[in-house]
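Numbering (the working numbering), first residue to last: 449 to 996.
Glycine is no exception: its CB is placed at the ideal position from the N, C-alpha and C atoms.
Quick caveat: nothing in here was measured; it's all calculated off a predicted structure.
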């Protein structure tokens, strides 16, 4: 389907008018139409309507695959075709028919093409479908009702009794969908939602999905109550930690740790459950547990300390995502003596994980530097090693941010950090990062014991890089001259040479207006004499807004 042409597919759709109907061929053409629509191909109203009317003739066939494709195509084309209500009678017939395979999809398709004026005509059928004994039909009606709430809230609200009956179904999906509909009908009425939760808390539910939804609703209400942990809603969530379904247990633990103003004592039951999940044979549960513990460690590292042994076992996990999260959690909760060992472990698989997880590691190292400033040398070397490796902009920016924050907070690390950043901008492909580092060098470099060693790196940027980085480098050089009298003569010589080399009047095409302006603004104060004014340059639109 990769190189399909819309006109060719619409031409093929004329096969729908042939008799007898070829189900296999027609289903293949409908698949092509669906593919085009989902790839973003624009169908004109006339084109869509013509194909839609031809497709309605396919209801004469009883082939189940073709009928299913018809339902899907009706849903997709309902928003672009005209007079789609022409299939209402066919869909109503399928909806109320005896074939259960047709009834559920017919309900979904019918609700997709029905507007608020027509909904009353099929209201009786919808109520019957909601309480239908066939789970697929009941679920279809409940989910369709949920979609209809957006356009016909008052009508769907009348179906609450049927939805409550469906909520007592033995089928777990029907119960979940019924609870969803009941909640969305009442979500603007806090008292009604509380009553609904109280009712289901007393009688219990069979569906783990419904329990997960109740936990989410309860936690939302708790947040609105400003985290009153004496509430029966909090007791309900805590009781769910002992549910037989793992997904319900995890949902309850996740809800508790995400509640605002939760104390370490209140977190303890949830952390204990997550600790058990850390040794689960299921990778999904181990990942969920360590990810949530990682989040807890940001606010309550002491609460997670009890899990350190289990987290250390996950460092060698075959799933690198789990191993990364385990190490970053340990970095937040571990002691100063364990840092060297953890750094050695994490460096062994850094190349195997995605940039997203590398950013998580960098953030953990940043927090660790604040906690143990004496370890800045080890951590800085590790960050510089990461900086030299391949990676995207977000990953590199996270490392640069981390190094800059270490430099700002720990004066002992300044010279080491600036040297690392100087080497990085030699091969930096990101303009934003290069200009930011140049700004930092201009700010911090003149105050160091040996400022002249940074000038070479900055000078190279003016000669080798493009306009924006050059402008940043010129500004940084000027700061060295302005803040340090020892290097001022050297800086003036460099700036004069650069001004002659890059004077825009010597370049006939594509002159560097930003640089010219930068030279004028930084050289005049340093030299104490005015430079020639080039009006054509100063008035140029090529001057960057930040230097105008």
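Cutoff 7 Å; reference residue i; Cβ partners in own chain excluding five residues on either side
i, result
"residue 550", "515, 542"
"residue 893", "866, 899, 902, 928"
"residue 495", "458"
"residue 815", "780"
"residue 517", "475, 478, 479"
"residue 705", "715, 718, 740, 743, 744"
"residue 628", "594, 661"
"residue 727", "758"
"residue 788", "826"
Distance CB(residue i)-CB(residue j) smaller than 8 Å
i, j, result
"residue 648", "residue 666", "no"
"residue 921", "residue 906", "yes"
"residue 688", "residue 700", "yes"
"residue 850", "residue 880", "no"
"residue 841", "residue 872", "no"
"residue 559", "residue 596", "yes"
"residue 522", "residue 485", "no"
"residue 731", "residue 770", "yes"
Rounded straight-line distance, which links the Cα of residue j to that of residue i
i, j, result
"residue 449", "residue 472", "16 Å"
"residue 663", "residue 868", "49 Å"
"residue 480", "residue 545", "29 Å"
"residue 452", "residue 526", "22 Å"
"residue 932", "residue 825", "28 Å"
"residue 808", "residue 843", "9 Å"
"residue 590", "residue 715", "36 Å"
"residue 682", "residue 829", "46 Å"
"residue 785", "residue 791", "11 Å"
"residue 534", "residue 563", "13 Å"
"residue 735", "residue 793", "19 Å"
"residue 490", "residue 651", "51 Å"
"residue 470", "residue 483", "20 Å"
"residue 936", "residue 858", "28 Å"
"residue 529", "residue 668", "41 Å"
"residue 994", "residue 919", "Bear in mind that a pLDDT of 37 at residue 994, under 50, signals an unreliable position, so the model cannot answer this."
"residue 617", "residue 572", "20 Å"
"residue 756", "residue 631", "40 Å"
"residue 831", "residue 768", "19 Å"
Whole-angstrom C-beta distance between residue j and residue i, which should lie under 8 Å
i, j, result
"residue 660", "residue 633", "In fact, because the Cβ distance is near 19 Å, the residues do not count as touching under 8 Å."
"residue 585", "residue 552", "5 Å"
"residue 655", "residue 698", "About 16 Å; that fails the 8 Å criterion."
"residue 812", "residue 776", "4 Å"
"residue 917", "residue 882", "5 Å"
Closest residue to residue i among the options (Cα-Cα distance)
i, options, result
"residue 578", "593, 564, 569, 821", "593"
"residue 503", "725, 519, 654", "519"
"residue 608", "598, 626, 617, 599", "626"
"residue 693", "653, 765, 539", "653"
"residue 581", "727, 873, 548", "548"
"residue 575", "746, 610, 487, 598", "610"
"residue 680", "570, 645, 771", "645"
"residue 863", "937, 846, 891, 841", "891"
"residue 670", "638, 690, 691", "638"
Beta-carbon proximity list for residue i, same chain, < 6 Å, skipping 5 on both sides
i, result
"residue 739", "773"
"residue 460", "477"
"residue 622", "583, 586, 587, 614"
"residue 554", "539, 542, 543"
"residue 1001", "Because the chain in this structure spans residues 449 to 996, residue 1001 falls outside the shown range and cannot be described."
"residue 1077", "Residue 1077 lies beyond the residue range present for the chain, which begins at 449 and ends at 996; the question has no answer from this structure."
"residue 511", "471"
"residue 946", "910"
"residue 505", "464"
Below-8 Å beta-carbon distance, residue i vs any chain D residue
i, result
"residue 887", "In summary, chain D is missing from the structure at hand, where a single protein chain is found."
Cβ-heavy atom distance, residue i to the ligand SAH, below 7 Å
i, result
"residue 555", "The ligand SAH is not among the ligands present in this structure, which contains no ligands whatsoever."
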